[in-house]
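Participant: Below is a structure I'd like to ask you about.
Number of protein chains: 2
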Amino acid sequence: MKQVTLKQIAETLNLSVSTVSKALKDYPDVSKKTKRLVKETVELLNYKPNAFAVNLRTKESKTIGLIIPEVVHHFFSSVIKGIIAKAEKKGYLVIILQSNESYELEKKQLDLLSSKRVDGILISLANGTADFKHLNDLILHELPLVMFDKIAKIVNCSKVIINDRKAAYTATKYLIDSGCKRIAHFRGPLLPQNSIDRFLGYKNALIEHGISYDPSLVYILKDMSYDEGVHFAGQLLKDHNDVDGIFINTDLVAIGAITEFNRIGVKVPEDISIVGFSNWFMSSVISPTLTTIDQPGYEMGKEAFKLLYKEIKRRKENLPIKFKTVELETKLIKRASTRN
Amino acid sequence: MKQVTLKQIAETLNLSVSTVSKALKDYPDVSKKTKRLVKETVELLNYKPNAFAVNLRTKESKTIGLIIPEVVHHFFSSVIKGIIAKAEKKGYLVIILQSNESYELEKKQLDLLSSKRVDGILISLANGTADFKHLNDLILHELPLVMFDKIAKIVNCSKVIINDRKAAYTATKYLIDSGCKRIAHFRGPLLPQNSIDRFLGYKNALIEHGISYDPSLVYILKDMSYDEGVHFAGQLLKDHNDVDGIFINTDLVAIGAITEFNRIGVKVPEDISIVGFSNWFMSSVISPTLTTIDQPGYEMGKEAFKLLYKEIKRRKENLPIKFKTVELETKLIKRASTRN
DNA sequence: CTGAAAGCGCTTACAG
DNA sequence: CTGAAAGCGCTTACAG
Chain A
1 MKQVTLKQIA ETLNLSVSTV SKALKDYPDV SKKTKRLVKE TVELLNYKPN AFAVNLRTKE
61 SKTIGLIIPE VVHHFFSSVI KGIIAKAEKK GYLVIILQSN ESYELEKKQL DLLSSKRVDG
121 ILISLANGTA DFKHLNDLIL HELPLVMFDK IAKIVNCSKV IINDRKAAYT ATKYLIDSGC
181 KRIAHFRGPL LPQNSIDRFL GYKNALIEHG ISYDPSLVYI LKDMSYDEGV HFAGQLLKDH
241 NDVDGIFINT DLVAIGAITE FNRIGVKVPE DISIVGFSNW FMSSVISPTL TTIDQPGYEM
301 GKEAFKLLYK EIKRRKENLP IKFKTVELET KLIKRASTRN
Chain B
1 MKQVTLKQIA ETLNLSVSTV SKALKDYPDV SKKTKRLVKE TVELLNYKPN AFAVNLRTKE
61 SKTIGLIIPE VVHHFFSSVI KGIIAKAEKK GYLVIILQSN ESYELEKKQL DLLSSKRVDG
121 ILISLANGTA DFKHLNDLIL HELPLVMFDK IAKIVNCSKV IINDRKAAYT ATKYLIDSGC
181 KRIAHFRGPL LPQNSIDRFL GYKNALIEHG ISYDPSLVYI LKDMSYDEGV HFAGQLLKDH
241 NDVDGIFINT DLVAIGAITE FNRIGVKVPE DISIVGFSNW FMSSVISPTL TTIDQPGYEM
301 GKEAFKLLYK EIKRRKENLP IKFKTVELET KLIKRASTRN
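Same order as they appear, the protein sequences are chains A and B.
The numbering of the first sequence is the numbering used here, which starts it at 1 and goes up by one.
The numbering of the second sequence is the numbering used here, which starts it at 1 and goes up by one.
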């Protein structure tokens, strides 16, 4: 791709490269006439500054990196959309990578992004991530980093989260209030903070409402897939025929469970009530529609970029950085998979 | 972010920058000993080449741009995933932008990407795009460009598509074969090639099977949303109470229609059979499950990147470019929204 | 085998 | 108001 350079503009107008450069950036010490001339020629020749040269000089790429566990996922798509929208407004482009829930990949991709010299990184952790050296290293090197949704409390950077524990508490309490006495929980893997917090919210709600906590009612899922929902719904019935409610860590799994219950003739919510988590679009469409916790993905993306942008800006101006954790509101969406 | 430079390595070892650079790239005219020394020091100081400088010198960014109409969309997420996966393997990163189905935005974003000097661009057109100058300009400037899914036949570049006409024909024929006599069609806006082609496939199937084509049975939707599905399902019943089948341009709309029919007591497929298009995950989960055309998003993403990569490589080597159109297979997925 | 030099295309402090 | 010069950090053709 052949491109016009400042030098060519300068030659065309019999000016120096410096003057042309300054004219374009509206330096006050360039004459009006020269500025006009330069701008006309730029228009005429369709000059575009060479981003590579600008990057090298200014030491910034106006590009940020985004690492998420999985792209084909309603919640994360919404986050991506929020980030891209906000970033574009501020003149930033977004490089997206997918960790596939693998710690190794996540590490490699963080490396890739920092070699590319992105101006900052947004990340939602992989389920497999238990060690945080790769993140702390970035922070040490003063590369702006913001974590969202799947975070590590122990890493010292800005974060955007929801209150998973509180939301799970609300979900479980709603099951209790609607009359459920034996409530199971399908939880995520052991490591990620949000699956821990959702579990704790579930447990606390039981205990605070005088329902004894029974560990055998808690099922630990691996990949949080539709198929796991189908499988564990069946397993649950085999293990406990007295269960009358389930709080499920994520909607996709809940939808698998509902489908299985429909298939084998267990009535939702008459026999078993179900509450999911995330409010995927699908949840408003299956039958019965799914009661769930709405998790504001788009907002989360926007907030995360805002925090990152602030940090990038303050670093550039050598101002002190204060890390901040933004907590977004969730809400219970009452639908037909629960009684009431 | 402070970073080690070649110069620092050179000073540490009392070598010249040139020698260090060459040692790192395994030039044959550097001694084994020097190479070893350099590599050790690189490791020790954690040297990473400055991407900005490399870009400027080599005139490539190892980054490509991707423009899609909408990120929160099952099909496009799958495409993104395919592209990212393939790109990463070849050492390319992917910048994603969303056109929101707007021609103006699409133009602006193409501009953004070419100013960023990406090495190539993948694009699926916005519904609003009727003029192709912005695309032809890129091609003139020899910036590698590959279109996928929503393409413009008239633009001269490589493409990855499905045979929309054939797939729509198959879908409609399936309705006919299952006994439908009055078949409506919910189509997309007038401009995009794929909504034209799907309409033509529908029309041909009717005609070739002795069913007269009735334009009043064709509904033109605007944003192809769930809500439009709900709305037009109702409208259709008002306009024509004798319809017994609908071929719907995209699953999301079909799901809206099914939901509406369920609500008002129209039985699917007994009263009206429905075939969708795209095979969104959701379609396998609603009730009744949706018969649809499977559109291989992930494959399409991979194919599109492969074509782009080839073109980038050939341009770099100054080899002649032959544009290619890859057509991927679709298949009819038979489910419960049709009789049989 | 090693190094000095030119150059990629900008920006900006400095001189005039 | 304009321009020469240095420099961002690399790569590579050329000299020795």
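Cβ coordinates follow ideal geometry from the N, Cα and C atoms, glycine included.
All values derive from a computational prediction rather than experimental measurement.
Tell me the rounded alpha-carbon separation between residue 250 (chain B) and residue 135 (chain B).
Facilitator: Those two C-alpha atoms are separated by around 26 angstroms.
Participant: So that I know if they touch, is there some Cβ in chain B lying closer than 9 angstroms to that of residue 8 (chain A)?
Facilitator: No, its Cβ sits nowhere closer than 9 angstroms to a Cβ of chain B.
Participant: Check for me: the beta strand (DSSP E) holding residue 263 (chain B) runs from which residue to which?
Facilitator: First-last for residue 263 (chain B): 251-264, but that is the alpha helix (DSSP H), not the beta strand (DSSP E).
Participant: Can we say the region 35-44 of chain A touches the region 61-77 of chain A, given the rule of at least three CB pairs closer than 8 angstroms?
Facilitator: Too few Cβ pairs lie closer than 8 angstroms, so no.
Participant: Pull up the CB-CB distance for residue 152 (chain A) and residue 305 (chain A), whole angstroms please, since I reckon it's below 8 angstroms.
Facilitator: 20 angstroms between Cβ atoms; not a contact.
Participant: Alpha carbon to alpha carbon, how far is residue 271 (chain A) from residue 265 (chain A)? Give it in angstroms, no decimals.
Facilitator: Rounded to the nearest angstrom, the two C-alpha atoms are 10 angstroms apart.
Participant: With a CB to CB cut of under 6 angstroms and the five nearest residues on each side skipped, what residues in its chain are close to residue 314 (chain B)?
Facilitator: Cβ neighbours of residue 314 (chain B) beyond the five flanking positions: 321.
Participant: What does DSSP give as the partner residue(s) for residue 184 (chain B) in the beta ladder?
Facilitator: Beta-bridge pairing links residue 184 (chain B) to B:246.
Participant: Looking only at C-alpha atoms, which of B:43, B:42, B:16 sits nearest to residue 30 (chain B)?
Facilitator: The residue with the shortest Cα to Cα distance from residue 30 (chain B) is B:16.
Participant: Check distances from the C-beta atoms of the region 243-273 of chain A to those of chain B and list, in chain order, the residues that come in under 9 angstroms.
Facilitator: Per Cβ criterion, the list reads 252, 255, 256, 258, 259, 262.
Participant: Kindly list, in the order they appear in chain B, the residues whose Cβ is closer than 7 angstroms to that of residue 307 (chain A).
Facilitator: Per Cβ cutoff of 7 angstroms: no residues; residue 307 (chain A) is ~18 angstroms from chain B at best.
Participant: Reducing DSSP to helix, strand and coil, say where residue 193 (chain A) ends up.
Facilitator: DSSP places residue 193 (chain A) in helix when its eight states are reduced to three.
Participant: What residue range does the alpha helix (DSSP H) around residue 77 (chain A) cover?
Facilitator: 74-89 is the span of the alpha helix (DSSP H), which, as asked, contains residue 77 (chain A).
Participant: Per the contact definition of three or more C-beta pairs closer than 8 angstroms, is the region 93-102 of chain B in contact with the region 81-100 of chain A?
Facilitator: Touching, per the Cβ criterion.
Participant: Tell me the residue span of the alpha helix (DSSP H) that contains residue 19 (chain B).
Facilitator: From DSSP, the alpha helix (DSSP H) with residue 19 (chain B) extends over 17-24.
Participant: What span of residues does the beta strand (DSSP E) with residue 219 (chain B) cover, start to end?
Facilitator: Start and end: 218-220.
Participant: DSSP three-state call for residue 337 (chain B): helix, strand or coil?
Facilitator: Coil at residue 337 (chain B), not helix or strand.
Participant: May I ask which residues mark the beginning and end of the alpha helix (DSSP H) holding residue 8 (chain B)?
Facilitator: Looking at the DSSP string, the run of the alpha helix (DSSP H) that includes residue 8 (chain B) is 6-13.
Participant: Note down the Cα distance separating residue 139 (chain B) from residue 129 (chain B), rounded to an integer number of angstroms.
Facilitator: Looking at the two C-alpha atoms, the distance is approximately 17 angstroms.
Participant: List the residues of chain B that residue 50 (chain A) touches, going by C-beta distances under 8 angstroms, in chain order.
Facilitator: Those are 56, 117, listed as they occur along chain B.
Participant: Here's a check: name, in chain order, each residue in its chain whose Cβ is nearer than 6 angstroms to the Cβ of residue 197 (chain B), leaving out the five neighbours to either side.
Facilitator: These residues qualify, in order along the chain: 164, 165.
Participant: Mind checking the region 85-102 of chain B against chain A and listing, in chain order, the residues whose C-beta falls within less than 8 angstroms of any C-beta there?
Facilitator: Residues passing the 8 angstroms Cβ filter: 85, 88, 93, 94, 95, 96, 97, 98.
Participant: Hey, which unbroken runs of the beta strand (DSSP E) at 3 residues or more fall wholly within the region 116-177 of chain B?
Facilitator: The region 116-177 of chain B contains these whole beta strand (DSSP E) runs: 120-123, 145-148, 158-162.
Participant: Please tell me whether residue 228 (chain B) and residue 199 (chain B) are closer than 9 angstroms, where the distance is taken between their beta carbons.
Facilitator: Cβ distance not < 9 angstroms, so residue 228 (chain B) and residue 199 (chain B) don't count as in contact.
Participant: If we call anything under 9 angstroms between Cβ atoms a contact, is residue 209 (chain A) one with residue 246 (chain A)?
Facilitator: Result no, Cβ atoms of residue 209 (chain A) and residue 246 (chain A) do not sit closer than 9 angstroms.
Participant: Considering only the beta carbon of each residue, do residue 297 (chain B) and residue 84 (chain B) sit closer than 9 angstroms?
Facilitator: The answer is no: Cβ separation not under 9 angstroms.
Participant: Taking residue 117 (chain A) as the reference, give the member of B:111, B:61, B:169 with the closest Cα.
Facilitator: Nearest C-alpha to residue 117 (chain A): B:61.
Participant: Which same chain residues, not among the five before or five after residue 344 (chain B), have their C-beta less than 8 angstroms away from its C-beta?
Facilitator: For chain B, the structure presents residues 1 to 340; residue 344 (chain B) sits outside this window and is missing.
Participant: Quick one: using the 10 Å Cβ neighbour count with 16 as the cut-off for buried, is residue 91 (chain A) buried or exposed?
Facilitator: Looking at its Cβ environment, which holds fewer than 16 other Cβ atoms inside 10 Å, residue 91 (chain A) is exposed.
Participant: Our contact map puts residue 9 (chain B) next to residue 41 (chain B) with C-beta atoms below 8 angstroms; I'd like the distance itself, whole angstroms only.
Facilitator: Residue 9 (chain B) to residue 41 (chain B), Cβ: 5 angstroms. Contact.
Participant: Unbroken beta strand (DSSP E) runs of length 3 or more, entirely within the region 263-319 of chain A: which are they?
Facilitator: Here the runs fully enclosed are 273-275, 292-294.
Participant: Nearest CA to the CA of residue 144 (chain B): which residue from B:324, B:334, B:18?
Facilitator: Looking at the Cα atoms, B:324 is the closest of the given residues.
Participant: Please report the straight-line C-alpha distance between residue 293 (chain A) and residue 7 (chain A), rounded to a whole angstrom.
Facilitator: So the alpha carbons of these two residues sit roughly 58 angstroms apart.
Participant: For the region 274-289 of chain B, which residues have a CB atom closer than 8 angstroms to at least one CB atom of chain A, in sequence order?
Facilitator: Hits within the stretch, in order: 281, 282, 285, 286, 287.
Participant: Using only alpha-carbon positions, find the residue among B:299, B:295, B:268 that is nearest to residue 286 (chain B).
Facilitator: Nearest C-alpha to residue 286 (chain B): B:268.
Participant: Hey, out of B:332, B:241, B:48, whose CA is closest to residue 184 (chain B)'s CA?
Facilitator: If we check each option's Cα against that of residue 184 (chain B), B:241 comes out closest.
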